[in-house]
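Here's the structure we're looking at; comments come further down.
2 protein chains.
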Amino acid sequence: MSNKTLLKGLRLIESLVQMNGQCGVSELSRELRLPKSNVHRVLETLVEGGYARNDPATGRYSLTLRLWELGSCLVSRVELRPVAAPHLRALARGFDETVHLSVLDDGEVIYLDIIEAEQPVRAYTRVGGRAPASCVATGKALLAFQGTDAIARAIARLEPHTATTIVEPDRLVAELERIRRDGIAFNHGEWRASVCGVAAPIRDSAGTVVAAVGISGPSSRLTPERMIASAATVMATARAISHDLGYIEPPAPAARPPQRRDRPVSVAVPR
Amino acid sequence: MSNKTLLKGLRLIESLVQMNGQCGVSELSRELRLPKSNVHRVLETLVEGGYARNDPATGRYSLTLRLWELGSCLVSRVELRPVAAPHLRALARGFDETVHLSVLDDGEVIYLDIIEAEQPVRAYTRVGGRAPASCVATGKALLAFQGTDAIARAIARLEPHTATTIVEPDRLVAELERIRRDGIAFNHGEWRASVCGVAAPIRDSAGTVVAAVGISGPSSRLTPERMIASAATVMATARAISHDLGYIEPPAPAARPPQRRDRPVSVAVPR
DNA sequence: ACGAATGTTCCGAAATACGGAACGCCCGAC
DNA sequence: GTCGGGCGTTCCGTATTTCGGAACATTCGT
């Protein structure tokens, strides 16, 4: 049905990434249940393509930074990261909590950038890491402004992770509507128990919500009162980033023209 | 000689990255000189593997963030980036010049992280970007502590980019020896005219130089005097990052045991 | 309503990838 | 010292897979 050799190569790359990007032929052969000669040929190809290298002393193979290089192009192409970076730093200075810049990818958030709090309690996240969109603040801030199809997909995956995780579709829909109205999303330990967050959506020059920025920290520090108090600053940060991306705020609550025909204009008027 | 299907897929991914990660079948078909049906099959495979998606409305294909996700694992596996981040921010605050965190990859530096100066004049670099190692400060800081083979490869590629670029092998060797002695590298507009830099090497827990940190800016602001004045701070930053990576500074100039047999102990005693 | 793009499907032909077996090598055990 | 088992590498006949032209379905702009 499709190109097996390519799939095999990609799977091999993934295995290699998990192995800390360094591995021998036989080990991979066992891992992937493939003959050694096959693994060897694929590795040779990756070397030829510049994606792997071969330590001539040990014979082991390791990945180059080529993958990361390509990935960086993908991320920085919209200039989102560099544009957002100074604002993220300012936000981190203001609260001394962990700051997240996230985008949506198939029902999950991916952390584009993270600034760790200097506080003793560290977060569990990593740049490039993922989390279910419906369980974290940045995810909900993004989800609220997606098309019905994306929301439906998120609903299909609702699953309890902590005591406060939203599992009822109706509650999620209601929460997303509140987020569209207020422009701010919260997380009360819905992904990791006792990790809370506050986040707001970021718009590009076309007015589409493309990312979200938020702060997160332990519920002991980020109390409900403090979360509400920080909402204005988080929203201001999101607005500042949107502005730097070329987004012009509509002067009146007039309807913005939809920029994509295929994506049904969202459930309620955003803002 | 090797797996052609895989190579083709990787080349297609690269093309797609260059096309801002969004493209149609026919366009790629023309670009790569391949039949449409072939391109289509490869794209289908990438979708199946989670590396691309298909906009059902336009039929066009675009890359997901999967690539970047894998790449991020590669970079953060050594924990270099998160460990270095706060130190980079501190350095940026101290000088208000662009801060670079670089690693070496086959004779070139790759920028792992960048903090842009708030100053009006911006840098030309991008996270994931590359530059010839022998032409930039972080590159020379790294090169100075590589094995003779890596240095030889760099020498083989010396090429003038500006009026001050080092092109004579002897001068580079002498410069690298000075860097090993002093522990600090400079760049006087050798890559981009009138862009200067100061950088120092970062060591991991095994004592190997794995990265370099530096500041860079226009020669108008980063005058020779200011570069020398900043050297101590840059070195202190590099030392702080090395310490956080687990590097224990040798109390005396005693010889550290070589950690790799295949890599000849470097030309001169490092430090 | 037409034509020229697009993306998609099909299927016979053959190029391509496969993988078992044998090789050379290095290292640790006996 | 010698053996054994591990490693990465090479080879080559087999047959699975990929190939790619042509025909198709759709969308768009004219």
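Chains A and B, in that order, give the protein sequences.
When we follow our numbering, the leftmost residue of the first sequence carries the number 834, and every step to the right adds one.
When we follow our numbering, the leftmost residue of the second sequence carries the number 834, and every step to the right adds one.
The C-beta atom is built at its ideal place from N, Cα and C for all residues, glycine as well.
Check	Outcome
ASN887 (chain A): contacting residues in chain B (beta-carbon distance under 7 angstroms)	Residues of chain B passing the Cβ test: none, with the nearest at roughly 12 angstroms.
Residue environment, TYR1080 (chain A), which counts as buried when at least 16 other CB atoms sit within 10 Å	buried
Given 8 angstroms, three or more beta-carbon pairs between the stretch 890-905 of chain B and the stretch 929-944 of chain B	no
Assumed close pair ILE999 (chain A), SER967 (chain A) - CB separation to whole angstroms, cut-off 8 angstroms	6 angstroms
Residue from B:ARG1013, B:GLU949, B:VAL858 whose Cα sits closest to the Cα of ALA923 (chain B)	B:GLU949
Cβ-based burial, GLN979 (chain B) [other Cβ within 10 Å; buried from 16]	buried
Assigned secondary structure, VAL960 (chain B) (DSSP; H/G/I helix, E/B strand, else coil)	coil
Contact with chain B by LEU898 (chain A), beta-carbon distance below 7 angstroms	yes
Chain B contact residues for PRO919 (chain A), given Cβ-Cβ distances below 8 angstroms	GLU949, GLU951
GLU882 (chain A), enclosing alpha helix (DSSP H) - first and last residue	Per the sequence shown, the amino acid found at residue 882 (chain A) is Gly instead of Glu. Per DSSP, GLY882 (chain A) belongs to the alpha helix (DSSP H) from 869-882.
Segment limits, beta strand (DSSP E) that includes SER935 (chain A)	931-938
Residues near ASP1077 (chain B) in its chain [Cβ-Cβ closer than 6 angstroms; skip 5 each side]	VAL916
LEU861 (chain B) vs VAL850 (chain B) beta-carbon contact at 7 angstroms	no
Closest Cα partner of PRO868 (chain A) within the set A:ARG886, A:LYS841, A:TYR894	A:LYS841
Three-state secondary structure assigned by DSSP to SER967 (chain A)	helix
Rounded separation between ASP1095 (chain B) and ASN887 (chain A) - CA only	Here ASP1095 (chain B) scores only 40 on pLDDT, less than 50, and its place in the model is too uncertain to base an answer on.
Rounded separation between TRP1024 (chain B) and THR1070 (chain A) - CA only	36 angstroms
Rounded C-alpha distance that separates ILE943 (chain B) from ARG1011 (chain A)	44 angstroms
Identity of the residues DSSP links to VAL942 (chain B) by a beta bridge	B:LEU937, B:ALA964
Rounded C-alpha distance that separates PHE928 (chain A) from VAL908 (chain A)	26 angstroms
Where PRO1097 (chain B) sits in the DSSP three-state scheme	Legend: pLDDT at PRO1097 (chain B) = 37, less than 50; position of this residue unreliable, value from coordinates given subsequently. Here PRO1097 (chain B) sits in coil by DSSP.
Beta-carbon proximity check, HIS933 (chain A) vs GLY1047 (chain A), cutoff 7 angstroms	yes
Residue(s) in a DSSP beta bridge with PRO889 (chain A)	Its beta-bridge partners do not exist; DSSP assigns none.
Residues in the stretch 933-948 of chain B having any Cβ partner in chain A nearer than 8 angstroms	VAL936, ASP938, ASP939, ILE943, ILE947, ILE948
6 angstroms CB neighbourhood of THR838 (chain A) in its chain, flanking five on each side removed	none
Endpoints, beta strand (DSSP E) assigned at SER1075 (chain B)	Not the beta strand (DSSP E): SER1075 (chain B) falls in the alpha helix (DSSP H), residues 1057-1077.
The beta strand (DSSP E) enclosing PHE1019 (chain B), as first and last residue numbers	1018-1021
Neighbour list for GLY1048 (chain B) in chain A, Cβ cutoff strictly below 8 angstroms	In the sequence under discussion, the amino acid at residue 1048 (chain B) is Ile, which differs from the Gly named in the question. None at all; the shortest Cβ gap to chain A is about 16 angstroms.
Rounded separation between GLY961 (chain B) and ARG899 (chain A) - CA only	9 angstroms
Residues sharing a beta bridge with VAL1042 (chain A), DSSP	A:ARG1036
Candidates B:THR958, B:MET1060, B:ALA1065, B:VAL858: closest to HIS1021 (chain B) by CA position	B:MET1060
Cutoff 7 angstroms: ASP1095 (chain A) Cβ touching any chain B Cβ	Because ASP1095 (chain A) sits at a pLDDT of 42, beneath the cut-off of 50, its placement in the model cannot be relied upon, and the point is left open.
Chain A within 7 angstroms of VAL960 (chain B), Cβ atoms only	yes
Cα-Cα separation between ALA970 (chain B) and VAL875 (chain B), rounded to whole angstroms	41 angstroms
Within 7 angstroms, strictly: CB atoms of SER835 (chain B) and GLU847 (chain A)	no
CB contact below 7 angstroms: GLY927 (chain A) versus chain B	no
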